[in-house]
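Here the structure comes first, spelled out in structure tokens, and everything after it is commentary.
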Amino acid sequence: EFIEGWNNIIEDAPRPSTELRMTQAGSKRYFVIWNGTDNSNQSVSSGIYYSVLQQNGKTIASKKMMLMK
């Protein structure tokens with residue numbers, strides 16, 4: 003079953019950096035690609051970020067990421 007939802011990239015601060023729509027690939031896979039920019043399409047700085055998957059306002063999963071330039 004495909005989980006439709008939003009994936010938020012949050013800076014360690016925590017300040018929302020960007021919001022991404024989930025995309026379905028095949029019958030049981032989904033993915034999000036983040037290009038290292040914020041909602042204004044401005045490049046963000048190197049640092050720690052969190053990917054937070056939400057569905058209907060509830061957090062489903064989260065992962066810590068490091069962006070290095």
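Using my numbering, read the sequence shown as starting at 3 and increasing by one per residue. For each residue, glycine too, the CB sits at the ideal point set by N, CA and C.
Note to self: Here's the rule: buried if 16 or more other CB atoms are within 10 angstroms of the residue's CB, otherwise exposed. What is Asn10?
What the structure shows: buried
Notebook entry, point to check: Does DSSP put Gln56 in a helix, in a strand, or in coil?
Noted result: strand
Note to self: Could you pull the DSSP bridge partners for Ser42 from this structure?
What the structure shows: Bridge partners of Ser42: none, in fact.
Checklist line | Met24 - DSSP class collapsed to helix/strand/coil | finding: coil
Item checked: Reference Val46, options Lys60, Gln57, Asn37, closest by Cα -> Asn37
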